[in-house]
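With numbering that gives the first Met the number 0, letter number 32 in the sequence shown gets 31, and the count goes up by one each step, no holes.
As structure tokens, the structure follows; a few thoughts come after it.
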Amino acid sequence: MTIRNKYLAPVFRGLALAILLAPAAVAQDSVSPETADAVTKGQADRFSLVRVDEDILRVDRQNGTVSICKEQSDAWRCNPVPLAEDAYLAEINELAGEVDRLTARVEELEGNGVKSDKQLPPGSALDRPKAPGSSQGGRSPSTTEEDEELEKVLTFTESAMRRFFGMVRDLQKDFEGEAN
């Protein structure tokens, strides 16, 4: 787990919980006591309930899970709702792993200026004269392509995070506007 994931995960969890609990506190009264007792199985203090059309959205205050409850055959069935936060974190972790892998590969290819104890065979790249018209400053085309690939990944990650945090700011402004 990278440092940014270590610090972003609690932020995402807290944000998701705040977004879900704020409207739940206001809409709690719209669920009948009999329905609330059936959906919460006698643990009314543990859950926040919000009526959504004919169903009920149930937020567990202890662990933050969200379920959608439907009445089926005179009984309430609650199924967990997939969290967008998990998808964001999975993609961030995947991209961070790819960035780490690409960074390690670039360091391996560039050698980081460290002399290797390994002897190069005769006729290797160090023994050859520079080709005329090599405009890349001694860099191979594959290294340039990998650098471009790395730059694309970093640019995509940065723009995705900027968009996400922009949405977070907008949601915060909306909640602050509703509170006033």
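Using N, Cα and C, we set each Cβ at its ideal position, and we do this for glycine too.
Taken through DSSP and simplified to helix, strand or coil, E70 comes out as strand. Residue pairing of S47 in beta bridges, as defined by DSSP: V58. In the three-state DSSP reduction, V80 falls in the coil class, being neither helix nor strand.
Here the C-alpha atom of F46 lies approximately 36 Å from the C-alpha atom of E157. Less than 7 Å separates the beta-carbon of I67 from that of L56. The criterion of a C-beta distance shorter than 7 Å is not satisfied by V51 and V58.
R168 and E147 have their C-alpha atoms roughly 31 Å apart.
Among the bridge pairs identified by DSSP, V65 is matched with V58.
V49 is not a Cβ neighbour of V98, given a cutoff of 7 Å.
The alpha-carbon separation between D54 and E70 amounts to approximately 7 Å. One Cα belongs to E109, the other to E144, and the distance between them is close to 13 Å.
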